[in-house]
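Participant:
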Amino acid sequence: MAKWVYEFGDGAAEGKSEMRDLLGGKGANLAEMANLGLPVPPGFTITTEVCTYFYDHGKTYPPELEAQVNAALEQAGKIAGHVFGDEANPLLVSVRSGSRASMPGMMDTVLNLGLTDSTVEALAKSSGNDRFAYDSYRRFIQMYSNVVLDVDHHLFEDILETFKERKGYSLDTDLTGADWKLMITAYKAKVQEVLGKPFPQDPKAQLWGAIGAVFGSWMNPRAITYRRLQNIPASWGTAVNVQAMVFGNMGETSATGVAFTRNPSTGASELYGEFLINAQGEDVVAGIRTPQNITEAARIEAGSDKPSMETALPEVFAEFLRATELLEKHYRDMQDMEFTVETGKLWMLQTRNGKRTAKASLRIAVEMANDGLITREEAVMRIDPAALDQLLHPTIDPKAERQVVVTGLPASPGAASGEIVFNSDDAEAAKASGRKCILVRVETSPEDIHGMHASEGILTTRGGMTSHAAVVARGMGKPCVSGAGSVRVDYKAGTMTSAGVTFKKGDIITVDGTTGQVIKGAIAMLQPELSGEFATLMEWADGVRRMGVRANAETPTDARVARKFGAEGIGLCRTEHMFFEGDRIVAVREMILADDEAGRRKALAKLLPIQRADFAELFEIMSGLPVCIRLLDPPLHEFLPHTDDEIAEVATSLGVSEDKLRSRASELHEFNPMLGFRGCRLAIAFPEIAEMQARAIFEGAIEAKKKTGAMVTPEIMVPLVFGKTELDLVKASIDAMAKAVETETGDKVPYSVGTMIELPRACLLAAEIAESAEFFSFGTNDLTQTGLGISRDDAASFLGPYTAKGILASDPFVTIDQRGVGELVEIGIARGQKTRPAIKLGICGEHGGDPASIHFCEKVGLTYVSCSPFRVPIARLAAAQAALAVKSKS
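In case it helps, my numbering puts the sequence shown at residues 144 to 1033.
1) Which partner residues of L419 appear in the DSSP bridge assignment?
2) Who are the near neighbours of Q533 in its chain, counting only those whose CB is closer than 6 Å to its CB and skipping five residues on each side?
3) Could you please give me the residues that DSSP links to C580 through a beta bridge?
4) Kindly indicate the opening and closing residues of the alpha helix (DSSP H) around V624.
5) When we look at the beta-carbon of F814 and count the other beta-carbons within 10 Å, is it buried (16 or more) or exposed?
6) Are K310 and Y277 closer than 8 Å when you measure CB to CB?
7) Answer yes or no: do K621 and M595 have a C-beta to C-beta separation smaller than 8 Å?
8) Using the rule of at least 16 other Cβ atoms within 10 Å of the residue's Cβ for burial, across every protein chain shown, is F283 buried or exposed?
9) Hey, could you find the ends of the beta strand (DSSP E) D633 is sitting in?
10) Is it the case that the Cβ atoms of F956 and A905 are separated by a distance below 8 Å?
11) Quick one: Cα of G394 to Cα of L470, how far?
12) Quick one: residues in its chain with C-beta nearer than 7 Å to the C-beta of G416, no 5 flanking neighbours on either side, listed in chain order?
13) Output yes or no for whether 8 Å exceeds the beta carbon distance between V1034 and A559.
14) How would you write the range of the beta strand (DSSP E) that E161 sits in, first residue to last?
15) Helix, strand or coil for W490, going by three-state DSSP, please let me know.
16) Between which two residues does the alpha helix (DSSP H) holding F151 run?
17) Which residues bound the beta strand (DSSP E) around E481?
18) Please state the DSSP three-state secondary structure of Y1007.
19) Taking just the CA atoms, how far does T188 sit from T486?
20) Looking only at DSSP bridge pairs, what is R506 linked to?
21) In terms of residues, what are the limits of the alpha helix (DSSP H) holding V964?
22) Near H785, what residues of its chain come up, given a Cβ to Cβ distance below 8 Å and the 5 sequence neighbours on each side ignored?
23) Using only CA atoms, which one of P1012, G852, P364 lies nearest to T698?
24) Kindly list the residues whose CB is nearer than 7 Å to the CB of E914, restricted to its own chain and excluding five residues on each side of it in sequence; keep chain order.
25) Can you check which of these residues, L173, E207, A174, D153, is closest to A145 by C-alpha distance?
26) Under 8 Å, do G965 and F999 count as touching if we go by C-beta distance?
27) Between the C-alpha atoms of D633 and G643, what's the straight-line distance to the nearest angstrom?
28) Looking at W147: is its Cβ nearer than 8 Å to the Cβ of V193?
29) Which residue from D650, L419, S555, E300 puts its Cα closest to that of C580?
30) Below 8 Å on the Cβ atoms is my contact criterion, and I expect A538 with T657 to pass it. Report the Cβ-Cβ distance as a whole number of Å.
31) Mapping DSSP to helix, strand and coil, what is T898?
32) Give, in chain order, every unbroken run of the alpha helix (DSSP H) that is at least 4 residues long and sits entirely within the region 205 to 279.
33) Please list, in chain order, all residues of the same chain as K648 whose beta carbon is under 7 Å from its beta carbon, the five residues on each side excluded.
34) Keeping to the same chain, check which residues put their C-beta closer than 7 Å to that of E740; ignore five residues upstream and five downstream.
35) Anyone know if the C-beta pair for S1009 and G985 falls short of 8 Å?
36) Measuring straight from C-alpha to C-alpha, what distance separates E462 and E217?
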């Protein structure tokens, strides 16, 4: 017969902590605490397999379940000295959820179950406390009616508040036993009024109603949303824990509380928590009464005039302190515990690994490793790489009041305040005059690079998590909120409107790229602090990772940030980002408008010294570390003006007619430019572009050598090839320029030529391409677009439903699609290595900074990952964790 129920209590349990998949986290830890000899109220756990059965069989239960529940209930009663449903000596129970992954507050709980009109009298008599008994009964009626019978809890709150106001009471504790009897009568009348039937008086019926409600809550909207955000599979299900009640509301020697073995905000090794005298668990978090501090030190620091638990219940506190120390050492992690004190006796109700800030996570992991409680490798595995974002960017002070205007997508973490500007020129002007600004655009394009650099943060009404604004902002380390679709931007009027509120150019707003919120006015910020623990953990991570970590960078600022965060070179220098500022864009537009090769070369000659200086500075900053430079990639139309005003302005500055500009823009217009005239196709049609860039690279390397004394080895990357012939044509131009520069200067620059693999055909023909390519860098942004046939700029409208319905496990532009795009990468690697076994393999798309994608990169054996500078620490830690994970499986 299948076993659906596991018992615990009286210093023993059928389960243990390793059984969390079956018993859920709460059930497994209750069993473990019982096995450790801690005071745990007796009870039993109905397994997660019953939840799966419940949903697979039309919300019915396994036929053996009722008998197993009855037997376990009888045993719990024997240990507790009570009988469930007995009118003279009733056992009361709590019914709680418990998934294998912590989902705090997402599912339902029922306390004091088993109270009826008869059993409440027995409870009053046995406790000698009418007030306690009837207070417990009214709590049960309210909670059960809300959770199981679906009666709005506000209906009961309104009855209570009206009564308190009439009697002149301020706190619930002011009510007497007689008062609670009146409340019970009113509560039951409300249930009868709403449901047309009385409140249930059969304890067994109450129990099965609560069990069904807890299983049912696994699929409530908030639980579904939480699972989606936390990537928790619905198939896991929840367990149900039925446990003998212990009461913290039996007088001044009773209490209830929650505590952490360490401070969850700072990680300090100090008992941290709150409790309430004469209360039940929900009172601590309900905000009706102000909780008291657990320790005397915390009370003094908080300036509270209410006694701490250490002072009010010294013997219980001493026992509780011993229990917390035992649990932390046993679980080897910070514990989050719930407890109740019933007439001077401590009962432990729950323990679990406590949630904490990134700052606390680092401190706790490092201190536990230094104390020998865990290994350094375990410390590295303990930290969520994505959580490091909290440490690398300014954040809004959690105490600050927020007046949220709109919520979009949290596209780039951090927060910033500034005055609204609607174009990049105004952003530059604001910065030049010392004013901080937020660039607000419908969407950004490469033309906005200088404005994005000048602004403190970016807000767009269109675009997803991998839109141009999101990608560039992350690379710059600037906060960005994208896809704020309810915002209406009127460029001509210089306004943005949301929810009927209009903001003008110059008005102050704050963007929070961590939450996606746009907030009215300026707001207090906390600046990032890279503490000693951060540096220590990064050192430990670097000691175990196999893959290198580079940065995507093309400006001196990006490169310096990358070095500061531990980048081991540049994995992607996007040269087009160097073309959009000042005189550069003018020269690029001259080249595009030229009527022949001679005209193009004349314009490119103006760009050569600018590019040479750019590359020389990058080489100097990276000080001998590898720098991978991608030749010009985007379609040329991106460099041309689009609006009538812009066309008129550019035509005047270039001394050409507006008609010529419009005509050239029309010639360059493409229906699908991302699959059009871009990448290596530009260098093949106009080899003079590649020649200029190659010359700038080689001359820049020589210039940097004069300052550093060391010759760098540039890696020159040809984008968007789908075959060897394309690469050979562009490589010939690069090689010719290398020889020319050597002849002219007498300096030979060592270099390598490779390609970005971003088309499915390139993956399939990787063996041929590797005959010419000395390295591959997988451009997984475009490989995802071309592999799935999805435009990353337009996918936000349907990717949500796709991931919600399980068509895709996650946004493929955030986490690599391992089944499809991942297999293309594996094919490219295998075929490339067949031709060139030692070929260098990297990844430089946004996936290079995504922890889940980095694990895939380790699995397939890439040489390095490359990501935006502010994600370098995240990639370093994720690469270390991936190496440890692969090692543990080998």
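Backbone N, C-alpha and C define an ideal beta-carbon position, used for all residues, glycine too.
Facilitator: With the given structure in hand:
1) T399
2) A501
3) E562
4) Run containing V624: none in the alpha helix (DSSP H); it sits in the beta strand (DSSP E), 623 to 625.
5) exposed
6) no
7) yes
8) buried
9) 631 to 633
10) no
11) 28 Å
12) G400, V401, A402, F403, I437
13) The structure shown does not extend to residue 1034, since the chain spans only 144 to 1033, so no value can be given for it.
14) Unbroken run through E161: none, as it is neither H nor E.
15) strand
16) Run containing F151: none in the alpha helix (DSSP H); it sits in the beta strand (DSSP E), 148 to 152.
17) 478 to 485
18) strand
19) 26 Å
20) The partner list for R506 (beta bridge, DSSP) is empty, contrary to what the question assumes.
21) 964 to 978
22) A808
23) P1012
24) K867, T978
25) E207
26) yes
27) 14 Å
28) yes
29) D650
30) Per the sequence presented here, residue 538 reads as Thr, with Ala not at that position. Confirmed, Cβ separation roughly 7 Å.
31) strand
32) 208 to 223, 262 to 270
33) I563, V564, F565, G637
34) E831
35) yes
36) 29 Å
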